[in-house]
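Okay, so here's the structure we're looking at.
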Amino acid sequence: MNIKVRKYNKKDIAQAARIWNEVVEAGEAFPQTESLDEAAAEDFFGSQTYTGVAENAENGEILGLYILHPNNVGRCGHICNASYAVRSDMRGQHIGEMLVADCLEQAKSAGFRILQFNAVVKTNYPARRLYEKLGFTPLGVIPGGFLKKSGDYEDIVPYYKLLY
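In the working numbering, the protein residues as written are 452 to 615.
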């Protein structure tokens, strides 16, 4: 399969929203609790510093996406944050790694100096292995920082990576 990561555009809204909503509805990784309809998805994805998609170049299917945005404002505005979603039937094919690599380049291009993940769920081992493989540093553990869909609380591990 020929996969390319590119900038999101309006024709991607429906597919991107389905992938995003799949992660939200699972309730195991994203802090959001509400699914996005197409109008909300267009506003949400369009309001980010950058939204990238992984596309099957052979048939135009969107396989995953990421959003990149400031983590804070003012004197901390040089720190960005990102979220990644890969279609569940496409996981394990290094699409997440492609998304994170592209995100790192886009973050640098946008002038950010640090990429920080505030809330990586401790049991999200595939994401944690990937981030550590790519040179992200874990900052410790926040006990019970994530409320899972089941109602149980799970620890979170913040990560960061210098971009300069």
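Just so you know, even glycine gets a beta-carbon here, dropped at the ideal spot from N, CA and C.
No experiment lies behind these values; they were computed from the predicted model shown.
Going straight from the alpha carbon of residue 453 to that of residue 509, what length do you get? About 6 Å.
Collapsed DSSP secondary structure at residue 557 in the structure displayed: Residue 557: helix per DSSP, three-state reduction.
Among residues of its own chain, excluding the 5 on either side of residue 522, which ones have a beta-carbon nearer than 6 Å to its beta-carbon? A distance below 6 Å between beta-carbons, with the five flanking residues on each side excluded, links residue 522 to the following residues of its chain, in chain order: 530, 531, 532, 567.
In DSSP terms, what residue 546 is bridged to: Looking at the DSSP assignment, residue 546 forms no beta bridge with any residue, so it has no partner.
7 Å Cβ shell around residue 520 - same chain, five flanking residues per side excluded: Within the same chain, residue 520 has close Cβ partners 499, 500, 531, 532.
Using the three-state DSSP reduction, which class does residue 613 fall into: helix, strand or coil? Residue state, collapsed to three classes: strand.
Measuring straight from C-alpha to C-alpha, what distance separates residue 577 and residue 537? When rounded, the distance between both Cα atoms is 12 Å.
How far does the beta strand (DSSP E) with residue 459 in it extend, from its first residue to its last? Where residue 459 is concerned, there is no enclosing beta strand (DSSP E), given that its DSSP letter is neither H nor E.
Got a sec? Which residues, its chain only, sit under 7 Å from residue 467 by beta carbon, not counting five neighbours each side? Excluding sequence positions up to five before and after residue 467, its CB lies within less than 7 Å of the CB of 459, 492, 496, 504, 513, 516, all in the same chain and listed in chain order.
Using the rule of at least 16 other Cβ atoms within 10 Å of the residue's Cβ for burial, across every protein chain shown, is residue 598 buried or exposed? Burial call: exposed.
Please name the residue, chosen from 593, 588, 457, that lies closest to residue 613 on a Cα-to-Cα basis. It is 588 whose Cα lies nearest to the Cα of residue 613.
Going by the beta-carbon positions, is the gap between residue 573 and residue 606 smaller than 8 Å? It is a contact, given that the beta carbons lie within the stated cut-off.
Bridge partner(s) assigned by DSSP for residue 503: Per DSSP, 458, 517.
Helix, strand or coil: how does DSSP classify residue 534 here? Three-state result, residue 534: strand.
Rounded to whole angstroms, what's the CA-CA distance from residue 609 to residue 575? Just pull it up for me. C-alpha separation (whole angstroms): 12 Å.
Which one or two residues does DSSP pair with residue 565 in a beta bridge? Its beta-bridge partners are 530, 613.
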